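Quick notes on the structure that follows.
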Amino acid sequence: MSVFPFNEKQIQQLSTSIAKAVNPSETRVKEKHVRIAIISTYKEKGATIFWTYILRQQLQEHRIVAWKFCHVLHKVLREGHPRVISDSQRHRGKLEDIGKLWQHLKDEYGRLIHLYIKLLITKLDFHRRNPRMPGNLQVTSEELEAIGENDINIYFQMTVEMFDYMDDIINLQQAVFSSLVLPRSNSMTPCGQCRLAPLIPCVQDASKLYDYCVKMLFKLHSALPADTLTGHRERFLKQFRDLKDFYNTVMHMHYFKHLITIPSLPDNPPNFLIQSELRTYVTPVVILPPEEPIDTEGTLIDTSDTSSLAGDQNGSTNNGSISPDALVERDNLIKHFHQENARQRQELQHLMTENQQVVGDLRSRILELEAILSTKGNEMLQEKKNAENFEKQKEEMMVQLKSAEDRGKLLEEKFEKLKIIYTKLREEHITLIRKKADVDKLLGSTTLKLDQSNRKVLEVEQSLEELKQGQVSVEQEAQRVSQARTDLEKVRKEFDEVKSENLSLLSKIDFMTSQKAAAEGDLQDLTSQKEELEMKIVTLKTESERSLIQARADSESLMKELLLKCLMEAEAILQNVMHVIDNPAVSAVTCTLEYLGSLVKPTDEALIELNSTYRNFINNQLLRKEIIHSAIHTAYTLATYIMLVKFTSNTSKDISIGDRLTDECKQLGSQGLIMFTYMKETSPSTEEQIKFVRKQLAKIAELSDTLLETQGNAEVIGDLVEDELMSMDKAIEEAALKIQEMLDRSRAADSGVKLEVNGKILDSCTELMKSIRNLVKKSRSLQMEIVAQGKGTASATEFYKRNHQWSEGLISAAKAIAMGANFLLEAADKVVSGNGKFEQLVVASQGIAASTAQLVVASRVKAERSSTNLNALSEASRLVTQATGSVVATAKSCNQLIEDNEDMDFSGLSLHQAKRLEMEAQVRVLELEQALESERLKLSALRRHHYQMAGEYES
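UniProt numbering numbers the first residue of the sequence shown as 1 and each following residue consecutively.
See the structure below:
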């Protein structure tokens, strides 16, 4: 089975759409044909087939085809599959050939095609150098930072490339609008729309390029000196004005009103020197109307085929009879198309509804994020206030901890008292139990006696019953009866005694029973009291243990929080010093290398102590007080050392060593922050990180020793200033004498126009040298005044050494003036001898004027504002500027005078000679254009290098 993404019908469909898109008629390209080409790149996942069929068109034969080809290619590069750009890179040479071919065409389409091809080549080069940038240039702020890799050099280069891209867009749109001056090229005519249609993707590209340039320029200005980015700002301001004119022109043209919504740029460009303006910056957004949906899954449908089919069927119907099956098939096909159209409209409506919901959700999410951001800002302010009250809270925590310990002691004392009371109650309870046992024994013996008495009573009653039964025989035994009565009386007496004794025993039993009941009641009361006391004791003991555990937990959490906050405060100390060393305001603060060297040992000892304390803390978590003290002390010592390293780097005469010292200083701060982060997390890598910090500290100490050795060379700066100033005076005097000698030789040897030109040139150079000599003289007077006011009792040499940076500025200015004088002398000599160019003379005069301006600025730095010598120096500087302008004007007038006198008589040339000279002139023009482009690139590189060197010197 073939893996080719298209069948024959689709290939034919694509070929037809491309041919219709770039047809020779002077009308705008239809969007449906371009969309079919774009969809084909997604089906193929590349642009090989697209290029195969687009290159078969008449790109080098017909100008309209070539112009529409540029438009279609631009749209495909923007909206096609991501691999379209990489597949198009191999056809870059073909694009260059097309541009070179059409640039020689006399009419306006030739120039437009040439500029459009140049824009497309620039776009391909831009994406080749920045492969992560998509064809439509749509990236988020996070993706833009990822592309820039947070590297200032990458941002710098990308900004230059975007400026070049924007220049090509502006040049193309200016050429398009300048070609619409004729009434037949109105925006609502087909020929006008043919030229204006490609400006829509240009507006889209320009909007994104402007947005990214603004954001990257703010980043560059936050990291680089303003003078270094002067060229960037000037180039952006020019493009801002041109882009604003472009947008205003497009906005008021009727053709674009329903095709694109143009963003409005502000009246004034952003001020990159004020970083707060980035918050008020509004990203320009280009809005296009929603396109009609197109079937990307099935075959590529062209409505023209359907109309032609219907036409054929109608024609066949008109010409003759048609079969019913064909009519039914046609009706079914029409019905299918209607149903498909209705389905696609419903899907489009559904997608639009979903998109609106998504947009609403995103807007609400943005509002929520803004609210969260505001809340986080308030929380940060609250955290700062909490940090300020941290010491008070710590004291309160210690008081609470002490009160918790006192409360625990009171609870323990109460527990001991309750324990004593419980012991007494237990002993009383045991005594009562013993008494109850005695009472129970006594009650048992009494009950036994009562039982014996009852038994005796029963025996007596039985005897009495027997006596009653034997009453019949009583008479017979009278004597025994009387004796029995006597015994009975005795028995009755005994019975009464026993009965009374029994009653007394019963009373005793009742008394003992009542005593037993009372004792049992008391026992129950004591038991209940005992149970209540035991419950209270258990409750109090539980509460005491819980309070003690809670107090210990609170104390533990407070100490942990205190340790964490102390470590965070240590981090804050280092972060604050990192911000301080990045502040330009401290660039003038200095510190001696000797004092810096004396701080190395205390800082290293603090790190060693921190390492030992941390190791002990890991083994015993209760040593928090020691780790807190050691961490704060180390952070303070390390921050002080980092700040003084930065101050010491400001004294370095060697900029590279100073920058290196600053970088190592920042590295030390970063390693310190990592160290405290590891300590907060109790990471096992903490001790290893402390070793890294100590190694970085030793590295900075070695670098400071190297700087101390190199600063010994600064002792000769005072003598060097005088030597350079004398060399400058000598160079100016020699230059003036040589110019006078050249003027004398020219008057003796030359005549006519050459004498006139040489005389004007040398006279203007002589006047310039006189003005420079006067300015140098005024500058020397002002410097003598400055030295006299500032040196005090010291010598001039000592004054120059104390102010070495100012002295180096004077030396640099003096060297530049001497070099400029020699260059001006060489340029004048070459011009007079006929071997030089007037442009060299202009550049030399402007260069020496700039050098004198540097000398003036260096002299003004330490001068009093009311100084008369300063006023005289300013007047001399103005005369130098006028003399420089005179040299430039004289060079231009002399150049024009020579050109006017050149004889350009071509009347004697034959047709072949004229054609040959014409071809040579064209070749020369191309060579000059190529040379001009090369020189412009070289000038751009030199300016960029100069900006960097100037920024390094100022820092």
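Yeah, the Cβ is synthetic: ideal placement off N, Cα and C, and Gly gets one too. Please read all numbers here as calculations on a predicted model, not as lab measurements.
Could you check which residue in the options has the C-alpha nearest to that of residue i?
{"i": "serine 877", "options": "Val399, Lys777, Gln922 and Ser17", "result": "Lys777"}
{"i": "threonine 261", "options": "Gly93, Ala844 and Tyr247", "result": "Tyr247"}
{"i": "lysine 859", "options": "Val842, Ile786 and Glu427", "result": "In the sequence as displayed, the identity of residue 859 is serine instead of lysine. Among Val842, Ile786 and Glu427, the Cα nearest to that of serine 859 is on Ile786."}
{"i": "leucine 410", "options": "Gln382, Gln462, Lys541 and Asn389", "result": "Lys541"}
{"i": "glutamate 96", "options": "Leu115, Asn620 and Thr52", "result": "Leu115"}
{"i": "serine 685", "options": "Gln671, Leu697 and Val160", "result": "Gln671"}
{"i": "tyrosine 255", "options": "Lys238, Leu563 and Leu196", "result": "Leu196"}
{"i": "histidine 221", "options": "Leu278, Leu533 and Pro198", "result": "Leu278"}
{"i": "asparagine 583", "options": "Thr431, Pro225, Arg363 and Leu855", "result": "Pro225"}
{"i": "valine 84", "options": "Arg63, Leu673, Leu124 and Lys100", "result": "Leu124"}
{"i": "aspartate 267", "options": "Met253, His258, Asp245 and Glu534", "result": "Asp245"}
{"i": "phenylalanine 692", "options": "Thr662, Tyr636 and Ile674", "result": "Ile674"}
{"i": "alanine 572", "options": "Ala631, Gln174 and Asp604", "result": "Ala631"}
{"i": "phenylalanine 50", "options": "Val29, Lys560, Pro289 and Val72", "result": "Val72"}
How is residue i classed by DSSP in three states: helix, strand or coil?
{"i": "isoleucine 274", "result": "coil"}
{"i": "leucine 937", "result": "helix"}
{"i": "threonine 249", "result": "helix"}
{"i": "asparagine 389", "result": "coil"}
{"i": "cysteine 566", "result": "helix"}
{"i": "arginine 944", "result": "helix"}
{"i": "lysine 9", "result": "helix"}
{"i": "serine 683", "result": "coil"}
{"i": "arginine 860", "result": "helix"}
{"i": "glutamine 60", "result": "coil"}
{"i": "residue 956", "result": "Nothing can be reported for residue 956: it is not among the residues displayed for the chain, which extend from 1 to 955."}
{"i": "arginine 878", "result": "helix"}
{"i": "serine 15", "result": "helix"}
{"i": "aspartate 168", "result": "helix"}
{"i": "glutamate 281", "result": "Checking the sequence, you will find tyrosine at residue 281 rather than glutamate. In this structure, tyrosine 281 counts as coil in the three-state DSSP scheme."}
{"i": "threonine 27", "result": "coil"}
{"i": "valine 22", "result": "coil"}
{"i": "tyrosine 212", "result": "helix"}
{"i": "proline 602", "result": "helix"}
{"i": "proline 225", "result": "coil"}
{"i": "cysteine 591", "result": "coil"}
{"i": "aspartate 267", "result": "coil"}
{"i": "glycine 597", "result": "helix"}
{"i": "threonine 159", "result": "helix"}
{"i": "leucine 932", "result": "helix"}
When burial is assigned at 16 or more other CB atoms within 10 Å of the CB, is residue i buried or exposed?
{"i": "leucine 937", "result": "exposed"}
{"i": "leucine 373", "result": "exposed"}
{"i": "serine 851", "result": "buried"}
{"i": "threonine 353", "result": "exposed"}
{"i": "phenylalanine 647", "result": "buried"}
{"i": "serine 764", "result": "buried"}
{"i": "serine 40", "result": "buried"}
{"i": "glycine 315", "result": "Model confidence at glycine 315 stands at a pLDDT of 40, short of 50, so the residue's coordinates are unreliable; what they give is reported in the following sentence. The residue in question, glycine 315, is exposed, as its Cβ has fewer than 16 Cβ neighbours within 10 Å."}
{"i": "histidine 945", "result": "exposed"}
{"i": "threonine 634", "result": "buried"}
{"i": "aspartate 87", "result": "buried"}
{"i": "leucine 120", "result": "buried"}
{"i": "phenylalanine 337", "result": "exposed"}
{"i": "serine 17", "result": "buried"}
{"i": "lysine 215", "result": "buried"}
{"i": "glutamate 44", "result": "buried"}
{"i": "aspartate 211", "result": "buried"}
{"i": "glycine 192", "result": "buried"}
{"i": "threonine 603", "result": "buried"}
{"i": "histidine 127", "result": "buried"}
On the DSSP bridge list, what partners appear for residue i?
{"i": "threonine 261", "result": "Ile287"}
Under 9 Å between C-beta atoms, does residue i make it to chain B?
{"i": "alanine 572", "result": "Reference to chain B is not applicable here, since this structure consists of a single protein chain."}
Query raised in the report: Where are the alpha helix (DSSP H) runs, 4 residues long or more, that stay fully inside the stretch 611-679, in chain order?
Result: 624-649
Requested in this report: At 4 residues or longer, and completely inside the stretch 67-152: list those alpha helix (DSSP H) runs for me, N to C.
Outcome: 83-88, 92-102, 108-129 and 141-148
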